[in-house]
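Enquirer: What follows is a structure written as structure tokens; I'll ask about it next.
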Amino acid sequence: MDIVKRFIRYAKIDTESDPNSKSVPSTEKQKKLANLLLEELTEIGVEAFVDEYSYVYGKIKGTKKTKNSVGFIAHLDTSSDAPGKNVKPRIIENYDGSTIILNQDYQMSPKTFSVLNDVIGDDIIVTDGNTLLGADDKAGIAIIVDFCQQLLKNNFEYGDIYLAFTPDEEIGRGADYFNLDFFKADFAYTLDGSKVGGIDYENFNAASAWVKFNGRSIHPGSAKLKLINAMHLAFEFHSLLPVFKNPAFTENREGFNHLTNMSGSVEEAFLSYIIRNHDKEKFLVQQKEFETIKDYLNNKYGYQAVEMKIEISYLNMYEILKLDLKPIEIAKQAIKNAGITPFTTAIRGGTDGARLTYMGLPCPNLGTGGYNFHGRYEFLSINQMKKAGEILFEIIKLIE
Ligand SMILES: [Zn+2]
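Residue numbers (this note's numbering): 2 to 401.
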């Protein structure tokens, strides 16, 4: 089956994950795609299985001995930020740069979406304006499955290759049950990116802070110099944080503190923050600022007016990858060998690859040709998706 047909087949299966679900996978429907992939992989000759959590694993035994083995990973689920049911992909051949009418209400042009300039002349796949496309990350899956098919049909020389398709990446749980006892690659790549030629190996260091404020509630009629309003303590705390270290004022490698939730009464108030920075030192400084403000307020009021808990969510994978740059260097060389100039951007978020890297599987991310993820304007360049497949071949040639 050709890669485009494969992609469309996957895109039509609704695999939206659910952040509010406690089950694994978070939605039953992801199993449908997992089982289909098991069938397809088996048919093309990959030893594969689906585990109880709907992770699909595969292994292709090497035809030669190599010191290192490599893995490729993509995710089954789609984001719940936009409808994911009844996806109707439409192919536009040789895109000419004009405005694309998705439907009566939704259109996109290079004026509002400058990324469309990247794909002029390409065959692209768009939505009908009612759903997301699911190129995130079914493009990654199609690339990997197509790669396996080509590999096993032809006489190539390669070492052991591992594959995995994970559920629930969009809700941050894709690495939770990842089976490293089976997946014995020395390093791997997620195919979950945008423009082909991109290699991402830096992401945020991330923490969450929960701050609780203990007020001193007294009837307002007799409150003079006695009342301490917990909500005012919360205002005071927030006002002492650096004003411009806020997502609304930051980009690229600039970190931030982001207030995500507030609630309270006179007696008790709560603020929740996320703390983000690519740079580990600066990340620590930001946490220290939270501590300093807490101590200052407790000192000022003379009792434990502020309580706080800071927890690390995930860390920048580059801290690990920089110790052995091989996976990054191989990817860069492979991209060059495929005839494109590699580029990198620091991800302003986290990835499952980052978590896998910290679990012992170094795992940068590669571009797939998908754009405008998590919405109706999502689209996929077929040319770039095919190019991404070539890059996988170049990678296995470079594994020694
Ligand atoms: Zn993704």
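We put the CB at the ideal spot given by N, CA and C, even for glycine. All of these numbers come straight from a predicted model, not from anything done at the bench.
Can you determine whether any heavy atom of ligand 1 sits closer than 8 Å to the C-beta of E1, and answer yes or no?
Expert: Past the edges of the chain, shown from 2 to 401, lies residue 1, and the structure says nothing about it.
Enquirer: For the beta strand (DSSP E) that contains M2, what are its first and last residues?
Expert: From DSSP, M2 is part of no beta strand (DSSP E); its letter is neither H nor E.
Enquirer: Between which two residues does the beta strand (DSSP E) holding V146 run?
Expert: Counting along the chain, V146 falls outside any beta strand (DSSP E), though it belongs to the alpha helix (DSSP H) covering 136-154.
Enquirer: Would the C-beta of F374 count as close to ligand 1, meaning under 8 Å from any of its heavy atoms?
Expert: yes
Enquirer: Would you call the CB atoms of K388 and G371 closer than 9 Å?
Expert: Not in contact: K388 and G371 (Cβ atoms no closer than 9 Å).
Enquirer: If you draw a straight line from the C-alpha of I121 to the C-alpha of G160, how long is it?
Expert: 37 Å
Enquirer: Contact defined as beta carbons within less than 8 Å: I believe A347 pairs with N253. What is the distance between those atoms, to the nearest angstrom?
Expert: 7 Å
Enquirer: Here's a check: name, in chain order, each residue in its chain whose Cβ is nearer than 6 Å to the Cβ of I219, leaving out the five neighbours to either side.
Expert: K227, L228
Enquirer: Just curious, the alpha helix (DSSP H) that M232 is in, first and last residue?
Expert: 231-241
Enquirer: Following a CB-centred definition, is H76 positioned closer than 8 Å to any heavy atom of ligand 1?
Expert: Answer for H76: yes, Cβ within range of ligand 1.
Enquirer: Is the beta carbon of V116 sitting closer than 9 Å to the one on N373?
Expert: yes
Enquirer: Tell me the DSSP secondary structure of V120 in three-state form.
Expert: helix
Enquirer: Using the C-alpha atoms, what's the distance from K185 back to Y418?
Expert: There is simply no residue 418 to check, as the chain begins at 2 and stops at 401 in what is shown.
Enquirer: Just to confirm, are E379 and A136 a CB contact at a threshold of 9 Å?
Expert: yes
Enquirer: Could you tell me if the beta carbon of D97 falls within a distance shorter than 8 Å of some heavy atom in ligand 1?
Expert: no
Enquirer: Which stretch, first to last residue, makes up the beta strand (DSSP E) that contains G265?
Expert: 257-265
Enquirer: Measuring alpha carbon to alpha carbon, tell me which of M2, F8, V51, K6 ends up nearest P26.
Expert: V51
Enquirer: Would you check whether ligand 1 has a heavy atom nearer than 8 Å to the C-beta of D138?
Expert: yes
Enquirer: For a test of your reading of the model: does the CB of D177 fall under 8 Å from any non-hydrogen atom of ligand 1? Yes or no.
Expert: no
Enquirer: Output the distance between the C-alpha atoms of K62 and V47, rounded to the nearest integer angstrom.
Expert: C-alpha separation (whole angstroms): 9 Å.
Enquirer: Just mark Y315 as buried or exposed, buried being the case when its beta carbon has 16 or more other beta carbons within 10 Å.
Expert: A buried status is given to Y315, since no fewer than 16 other beta-carbon atoms sit within 10 Å of its beta-carbon.
Enquirer: Among the residues of its own chain, which have a CB less than 8 Å from the CB of V243, if the five just before and after it don't count?
Expert: The sequence as given places Pro at residue 243; Val does not occur at that position. Contacts found: N258, E290.
Enquirer: Can you tell me whether DSSP reads E17 as helix, strand or coil?
Expert: strand
Enquirer: Counting pairs of beta carbons, one from the stretch 155-169 and one from the stretch 332-352, are three or more of them closer than 8 Å?
Expert: Taking 8 Å as the limit for Cβ pairs, the verdict is that the stretch 332-352 does not touch the stretch 155-169.
Enquirer: Hey, would you say the C-beta of D193 is under 8 Å away from at least one heavy atom of ligand 1?
Expert: yes
Enquirer: Spell out the partners DSSP gives I61 in its beta bridges.
Expert: I162
Enquirer: State the DSSP-derived secondary structure class of R377, mapped to helix, strand or coil.
Expert: coil
Enquirer: Buried or exposed for L42, please, with buried defined as at least 16 other CB atoms from any protein chain shown within 10 angstroms of its CB.
Expert: The residue in question, L42, is buried, as its Cβ has 16 or more Cβ neighbours within 10 Å.
Enquirer: Report the option in R7, D15, E17, N69 whose CA atom is closest to the CA atom of E40.
Expert: R7
Enquirer: Compute the distance between the beta-carbons of I321 and Y359, then report whether it is under 9 Å.
Expert: yes
Enquirer: Under 8 Å by Cβ, that's how I've got G406 and F205 pegged, so tell me the actual separation to the nearest angstrom.
Expert: Residue 406 falls outside the range modelled here, since the chain spans only 2 to 401, and no answer is possible.
Enquirer: Thinking just about the alpha-carbon of each residue, which of K295, T251, L234 is nearest to the one in A270?
Expert: L234
Enquirer: What three-state label does DSSP hand T100 in the structure shown?
Expert: coil
Enquirer: Quick test of your reading: T345 and Y202, contact by CB under 8 Å. State the CB separation rounded to the nearest angstrom.
Expert: 7 Å
Enquirer: Secondary structure at L367, three-state DSSP: helix, strand or coil?
Expert: If DSSP states are grouped into helix, strand and coil, L367 belongs with the strands.
Enquirer: On a Cα-Cα basis, can you pick out the residue from E53, S24, N21, K23 that is closest to N36?
Expert: Nearest option by C-alpha distance: E53.
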